[in-house]
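First up is the structure itself, then whatever we jot down about it.
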Amino acid sequence: MSGYEWLIGLAALVFAPLLGGFLRGIDRKLTARMQGRIGPPIWQQFYDFFKLIGKARAVTTKGSLMWVWGYLLLTMLAVYMLFAQRDLLIIFFILAFAGACLIFGAFSVRSPYSHIGAHREIMQMLSYEPILLLAAVAIFLQTGTFKVSGIFEHDGPLLLTLPLVFVAVLIALTIKLRKSPFDISASEHAHQELVRGVYTEYSGRFLALIELTHWYELVLILAFVALFWAQPLWIGVLLALGVYFLELLVDNIEARLQWSWMLSISWAAGIGFILVNIILIELVFGNVLRL
Amino acid sequence: MAGETLIAILILLPLATAAVGLAVKDDKLRRPFIILPSMALIAASVLLLFRVLDHGTITFTPSGTWDPIILILELALLAYFLYLGVIRKHVLVLGLAGFQLALFCLLKFAWLPSGFKAQPALHVDLLAVVMCLVISVVGSLIVMYGLNYMQNHERHLGLTATRQHIFFFFLVGFLGAMNGLVFANSLLWLFFFWEITTLCCYHLIRHDLTDEAEQNAMRALWMNLVGGVAVVGGMALTYQASGTLSMMELTGFGTVGPVLLLPLALFCLAGFTKAAQVPFQSWLLGAMVAPTPVSALLHSSTMVKAGVYLVLRLAPAYQDTYLSAVLAIFGAFVFMVTSLLAISQPVSKRVLAYSTISSLGLIICLAGINSGLAVAAAVALIIFHAVTKGVLFLVVGIVEQDIHSRNIEDMEGLTARLPVISGLAIAGMIVMLFVPFGVLFAKWAGIQAAATPFSEFYPLVVVFLAVGSAAGMVFWVRWIGRLISNVTTADGPPAEVRREPRASVPYLVVFSLVGGAVVLSVLAAPLVSWLINPAIAAMGYSPALDTAGWYLTTPFGSFSPWALFIVVALALLLPALLVKARPEEVMPVYLCGVNQPAEGPTFRSIADTPAAVETGGMYWTQAFGERSLNTWVNGAGIVLLAALFLGVIM
Amino acid sequence: MGLVAKARVKSPWIVHYCCGSCNGCDIEILACLTPMYDVERFGILNIGNPKHADLLVVTGPVNRRNVKVLQTIYEQMPAPKLVMAVGACACTGGVFHNCYNTMGGIDKVVPVDVYVPGCAARPEAIIDGVVLALDKLSKIK
Ligand code: SF4
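Read top to bottom, the protein sequences are chains A, B and C. The numbering used here puts the last residue of the first sequence at 338; the count rises by one with no breaks. The numbering used here puts the last residue of the second sequence at 651; the count rises by one with no breaks. The numbering used here puts the last residue of the third sequence at 847; the count rises by one with no breaks.
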């Protein structure tokens, strides 16, 4: 530990939205290219963001606005804690709290669309929460600590001993990124039965705040992926970018699934993979806590 | 005051209050008769805490005259259960009570030498004091809350002759019995108090005397008698194997070596019945027919806590055994399945009941993991669960008397109608659910403890814990969502905002419990270093939590509750204070453009008739309903129990 | 030009509402999204929700049933907002001219900023119209 983690954490708070917005721009560009279109400029997300900031305020209830701020600030807290290399379990718990804030925001308006979105978002949490917690446990079995700093002190990339956990995490991340086939709570593309699900009732600057939170979330998720190859970190970054590309590809070739499918896939495949991987650790790779 | 006096007060004062209260039939007069002893009880438990912190464990044996008194009462009690079985024509109760009585007599008069005593009779270490605090503080608060509640309750039922004196007789007596139970070192004494709690529970559940209440009370009775039989059987086997009936000696403080596992397994089984673990969960679910203070008491501080207390108390005795490993799996399994079952429940009290069972399962799982970290987490969970569950039951009670429904669907938009109480409910649920609050601290430590390979089956335990905690999220988040849903229209809230009696006793009780939960969570680190670490050290575990700098640090991770609390509080409170919604900015919800103008969420239906938008909660009954899961859940629970006993016998 | 004003021009999100058109113009609007015309390269998104949209694109002559819907959708768009009438019907009533149940053009109901004529309006014309609208947007302070 160098003692400067908090500085890295703060720096992450500043740069994460830039990076996240940029990555989202690349997402739209690549999606357009995959569909044979030219697509918007990669700065498009920032244009959207500032445009939304400049719109007139229109609110449905005060409650929903409050929770949006909670969603943003708690996500920022999680980002800070990840980059400051704190306890992974606590980071996931905070992320869950942030996600719950988004749900509360959608629930506080009596709108059928946002309520359906909120319920589906709850199902999404039920799907990915166990995977994230179990992934933290699997990492713990390799590094002997739940702290992110422990991953950097661990020699050898985690990916080699936790390949199946990595696959499970990919499933969870698809849900968390709200990409097809799991964009069930807020359809990424308009003109569907949900309108925009949990986001339906937000407009103007509050929509911009949600967009900002998504940028933080994206960076957080990719940073977590990068931890699977933490030394040297540039391989991890490449890994994360590769994963991001994969998510885009899947997003473009998959249709939306029902929640029950999502739940069975994430539990049966996700948890199953992690269990098999933990057994592999016990039998083949070795559990550091037993050594 | 000497420790012995305090202990005597803590056991006898509630019993005496109960007895005196039986004669008081006037509501006004009852108030001081209940409130003053309750205050005294709280004070005594706090004094006892300081006493034990300063001077260490207290052991003492009351004078010999008590033994025959207890024996006579005990026999009378067992005979009474038998009598209940006869007059209610309940075969199970009859059989179990008869068997219990016969076994007890056999043990007492044939196997034990005459004049046998397990010395010392009482043994009050820090774990017992923690339990005593939970019982005395949370329990007394609930009793005080009961004063108003029962008045309203009887008015609502339109009773002519009050039955409150009977109610408070059992309610207050319960506290004394619980204190006796946690202080007891002699298993004979423990059994006596154990049976008293069964009795109180039975009478409290059937208090309203409806058919349903009678039925559910009988069910509670026979299930708890299974536990009683298990305790007697456990005692008999313990005595056969080791010649002692002292808890201290069982748990490795005395001279006797590790005894057979079978009696320990029987004691655990008794704990499962009291703690309503699968497959015995139905008695606790049925107990919700009783008036709310009863549910609050049963769920938070008494009864079910007696079950987990017994399991946890015996944990050092079965450390590193097969029993311990199976307990961990069993507890984690119960934690998961009851959380999943709770998802499908629209009735608030059932949700709370399932979540209680699931928290107790977690405590049992932690006892089974049986490391310093796990046991510390278990103790923390006992404290935090008692406080928050107390809050939630009391809130549901207040709401129920106001809206005359306990269904979560009827609580939609409650924040607009009863802002104070629903705010407290939301606070309670957030404390229950999210970091950095106490319940989550226990989960955090629990997952860490489960991930250290304590047995071959730890991956299974970890998976159960992870799924269970995600499932817990579902029903709490949805419930909060229903509460905060905005149902106001352009003409204002649907029902006028009620003036809530903020200064009344029930509100003050809920306030203080919520406040207590938050303060304890923020001060979790000092709480651990000051109370929990010494408590588990007294049980023979090495403290696993370090609290330097008010960080909670385990060997594997750390976080700082107070710092996180500040950030989280800012993130939620600042927007609440600063964000404003000016009236001219308010816009109706999106309804595909068919909004009825200026009438809130209303749309134009066929022939331009206005139709209000209705939103409802989803309960996913197909996937998580009792109908589709119960057979599997109970089956798996029985298989696990069978595995436990088979493994222990072989 | 300020940052917000510049961003406004670069990111017009549209909500498309059909007020009883023959669907000819609707198809042409959707054609604008296809790879052939790809309006997303100008940052244009078909967002499907008035609360998120900047530009209301309307086809059809507006009849007495959906006039209120059109009004509500327009009201639910937060300012600054523009309205674009696509097709002869939306501009003047078109082939439905003088029908007993139509209003004869959306400018009878909401203020229109850009008229795109044609029956059906060609995608090129629609894009032209959007560019005009953007021009107007850039002048909003
Ligand atoms: S303008 Fe022509 S193509 Fe367009 S909606 Fe009217 S009739 Fe149809």
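In this text, a Cβ means the ideal position worked out from N, Cα and C, and glycines have one as well.
Beta-carbon to beta-carbon, residue 321 of chain A and residue 215 of chain A are separated by about 5 Å, close enough to satisfy the 8 Å threshold. In the structure shown, residue 32 of chain B adopts helical secondary structure according to DSSP, grouped into three states. Here DSSP, grouped into helix, strand and coil, assigns residue 262 of chain A to helix. Its Cα nearest to that of residue 616 of chain B, the residue B/483 stands out among B/381, B/483, B/219, B/235. Of A/57, A/155, A/291, A/71, the smallest CA-CA separation from residue 481 of chain B is found for A/155. For residue 202 of chain A, the three-state secondary structure derived from DSSP is coil. Scanning its chain for C-beta atoms nearer than 6 Å, with the 5 sequence neighbours on each side dropped, one finds around residue 161 of chain A the residues 153, 245, 247, 248, in chain order. In this structure, residue 794 of chain C has its CB closer than 6 Å to one or more heavy atoms of ligand 1. The beta-carbon of residue 814 of chain C is placed no less than 7 Å from the nearest beta-carbon of chain B.
Under DSSP, residue 764 of chain C forms a beta bridge with C/723, C/791.
Within the chosen limit of 6 Å, ligand 1 does not reach the beta carbon of residue 724 of chain C with any heavy atom.
In the DSSP secondary-structure assignment, residue 150 of chain B is not bridged to any residue. When C-beta atoms of the region 330-343 of chain B are compared with those of the region 214-233 of chain B, fewer than three pairs fall below 8 Å, so the two segments do not count as touching. Shown here for residue 336 of chain A: same chain residues with a beta carbon closer than 7 Å to its own, the five before and five after excluded, namely 188, 191 in chain order. Taking 7 Å as the threshold, the shortest C-beta distance from residue 774 of chain C to chain A does not fall below it. Contact of residue 155 of chain A with chain C is not assigned, every C-beta pair being separated by 7 Å or more. One finds nothing in chain B with a Cβ atom closer than 7 Å to the Cβ of residue 817 of chain C; even the nearest lies about 17 Å away.
One finds 591, 594 in chain B with Cβ atoms closer than 9 Å to the Cβ of residue 756 of chain C, taken in chain order.
Taking 6 Å as the cut-off, the C-beta of residue 765 of chain C counts as close to a heavy atom of ligand 1. Using a Cβ-Cβ cut-off of 8 Å, residue 749 of chain C is close to 87, 88, 91, 94, 95 of chain A, given in chain order. Relative to the non-hydrogen atoms of ligand 1, the Cβ of residue 801 of chain C comes within a distance shorter than 6 Å of at least one. For ligand 1, no non-hydrogen atom lies closer than 6 Å to the CB of residue 606 of chain B.
In the displayed model, residue 816 of chain C falls within coil according to three-state DSSP, outside both helix and strand.
Taking CB atoms only, residue 759 of chain C has no neighbour in chain A less than 7 Å away. DSSP, reduced to helix, strand and coil, places residue 124 of chain B within a strand of the structure shown. With a threshold of 6 Å, the Cβ atom of residue 730 of chain C counts as near ligand 1, since some heavy atom of the ligand is closer than that. A residue is called buried when at least 16 other Cβ atoms come within 10 angstroms of its Cβ; residue 841 of chain C does not meet this threshold and is exposed. Against chain A, the beta carbon of residue 746 of chain C has neighbours under 7 Å at 79, 84, 86, 87, listed in chain order. With fewer than 16 neighbouring CB atoms inside 10 Å of its own CB, residue 240 of chain A falls in the exposed class. Here DSSP, grouped into helix, strand and coil, assigns residue 547 of chain B to strand. In this structure, residue 826 of chain C has its beta carbon less than 6 Å from a heavy atom of ligand 1.
Within chain C, the C-beta atoms nearer than 7 Å to that of residue 250 of chain A come from 757, 758, 784, in chain order. Here the alpha carbons of residue 718 of chain C and residue 751 of chain C stand approximately 7 Å from one another. Inclusion of residue 15 of chain B and residue 229 of chain B in the CB contact set at 7 Å is not warranted, their separation being larger than that value. Annotation: residue 819 of chain C to residue 812 of chain C spans about 11 Å, alpha carbon to alpha carbon. Annotation for residue 313 of chain A indicates a beta carbon at 6 Å or more from all heavy atoms of ligand 1.
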